[in-house]
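These notes are about the structure you will find just below.
In my numbering, the protein residues as written are 1497 to 1765.
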């Protein structure tokens, strides 16, 4: 809590407005920055207590600005458990954004698709998740002022925001899928057997983020909308070698559609 207060005090001194919505620019959404009316951009390295992203393609700055007239705060670059951070460090930006005033959170990521109807470049709207991380960001003493000890997760992802996203996609003629996201530690990509297992237990796509962020956001009473860009396939008979550069390239191709969808959503949420 002391670290959170220190970080909030530092950022509050630089803010011109109170953000209503937080956005985590994962793979497929980094181009959103070009549409922002930026008021302040602060490198993570200069923010007290903030981690620093170490992954190629994840730039490190917190951006305050407006999009379609809405005050937002954007994490340009995220943190992953596989980088060696604790779950509390991975989700610290969510805690900070809540303290700064956000009520809704939009998260994007790159994921491998197991659903046989998926193809590379598809956008999957996340309707639910399966947590395969070995730990949970809510382990340890609970602060009842922040959220309940035993968190209800029957609606981890906002049904209202999911419905809005589906309507926007239809109006924009953007093809989207809907499915369940499986969160794993990484940094290895999945074996064919692991892809099969995740599909059997109900997953449609698998990735290395989003789940811890969603858990903490819901604990703090923040509505969450998540989407995945399908950057590789783990369908039986279609598992091929994949590299991080190929994932980034696939996400880049899908990026204009993802950005258009999120921009339209922000007019309505």
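Glycine residues also receive a C-beta, built at the ideal position from the N, C-alpha and C atoms.
Since the model is a prediction, treat every value here as computed from it, not as a measurement.
Please identify the residue among 1618, 1606, 1623, 1644 whose C-alpha is closest to the C-alpha of residue 1651. 1623
Among 1619, 1697, 1726, 1645, the one whose alpha carbon lies nearest that of residue 1636: 1645
Need the endpoints of the beta strand (DSSP E) that residue 1719 sits in, please. 1719 to 1729
By the 10 Å Cβ neighbour count, where 16 or more other Cβ atoms means buried, how is residue 1671 classified, buried or exposed? exposed
Is residue 1719 buried or exposed, if buried means 16 or more other CB atoms sit within 10 Å of its CB? buried
If contacts are defined as beta-carbon pairs under 8 angstroms, then residue 1608 and residue 1521 qualify, I think. What distance do you get, rounded to the angstrom? Actually they do not touch by this definition, with Cβ atoms about 20 angstroms apart.
Cutting at 7 angstroms between CB atoms, please list the residues of its own chain near residue 1758, excluding the five before and the five after it. 1525, 1528, 1602
Between the C-alpha atoms of residue 1740 and residue 1515, what's the straight-line distance to the nearest angstrom? 32 angstroms
Limits of the unbroken alpha helix (DSSP H) element including residue 1676: Per DSSP, residue 1676 belongs to no alpha helix (DSSP H); it is in the beta strand (DSSP E), 1672 to 1679.
Strictly by DSSP, which residues pair up with residue 1600? 1517, 1719
Helix, strand or coil for residue 1539, going by three-state DSSP, please let me know. strand
At the level of alpha carbons, what is the spacing between residue 1517 and residue 1765? 9 angstroms
Can you give the Cα-Cα distance for residue 1692 and residue 1742, rounded to whole angstroms? 22 angstroms
Whole-angstrom distance between residue 1567 and residue 1659, CA atom to CA atom: 22 angstroms
By the three-class DSSP mapping on this structure, what secondary structure does residue 1759 have? helix
Could you say if the stretch 1574 to 1591 and the stretch 1706 to 1726 meet the contact criterion of at least three C-beta pairs nearer than 8 angstroms? yes
Where DSSP assigns a beta bridge to residue 1625, which residues make up the other side? 1677
Going by other Cβ atoms of all chains shown within 10 Å of its Cβ, with 16 needed for buried, is residue 1717 buried or exposed? exposed
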